[in-house]
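**Q**
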Amino acid sequence: MRKLMVLFVVVIVSLSCSSDNNEVNESEIVDGISTSIKIQTPKWLQGNWRISGGGTSPFVPGFSISSNELCFISLTTECFQEIINQAYRTNPDAVKVEQEYKEGLQQGYYRLSIYLNNTTTEFIFTEKSNSEVRYTMGNVKGTLFKVYE
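In the working numbering, the protein residues as written are 43 to 191.
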């Protein structure tokens, strides 16, 4: 019995002295706020999205979103990671990025705020379903529908 107790104590001490398994992999997205200058979008938001009510022409505004880029598409395309990278190379102190993630039971939430030279650009996306997302871009609010190409 005494040997069993010693073995038990050794196991407990070993486990309590092990490395921290709570470290977050930088590529892993967790609820909370990130201040990395690298855009990391949640999986539910990735894909091509078009603004509801924008018609059916090829120039319907929308977003093209990958795991590490967010592009706004209208008659031109603005890709924000590219803009962040260019500004950071010029003056790292003039660039700040904040991303907020929340995963609920039925919907996800993602906010991207980009501060460049005293100007703020902010996007907020709220998941409604696999094919519908609500967005806010500055003062503009609307609904996006996923495009399956």
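All residues carry an ideal CB built from backbone N, CA and C; glycine is no exception.
Quick one: using the 10 Å Cβ neighbour count with 16 as the cut-off for buried, is Tyr190 buried or exposed?
**A** Here residue 190 is taken as the residue at index 148 of the sequence shown, counted from 1. Residue environment analysis places Tyr190 among the exposed positions, since fewer than 16 neighbouring C-beta atoms fall within 10 angstroms of its C-beta.
**Q** Spatial neighbours of Pro103 within its chain, please: CB distance less than 8 Å, with the 5 preceding and 5 following residues excluded, ordered by chain position.
**A** Taking the first residue of the sequence shown as position 1, residue 103 is located at position 61. Within the same chain, Pro103 has close Cβ partners Arg92, Ile93, Gly96, Phe114, Ile115, Ser116.
**Q** Considering only residues of the same chain and omitting the five flanking positions on each side of Lys170, which have a CB-CB separation below 7 Å?
**A** Walking along the sequence shown from the start, residue 170 turns up at place 128. For Lys170, the CB contacts under 7 Å within the same chain, skipping 5 residues up- and downstream, are Gln149, Arg176 in chain order.
**Q** Is there at least one Cβ from chain B nearer than 8 Å to Val102's Cβ?
**A** Structure shown: chain B not included; a single protein chain is present.
**Q** For Glu142, which residues from the same chain have a beta carbon less than 6 Å from its beta carbon, with the 5 sequence-adjacent residues on both sides left out?
**A** For the purposes of this step, residue 142 is taken as residue 100 along the sequence shown, with counting starting at 1. Answer for Glu142: Ile75, Arg153, listed in chain order.
**Q** For the alpha helix (DSSP H) holding Asn127, just list the boundary residues, first then last.
**A** Position 85 of the sequence shown, counted from the first residue, corresponds to residue 127. Unbroken alpha helix (DSSP H) run through Asn127: 122-132.
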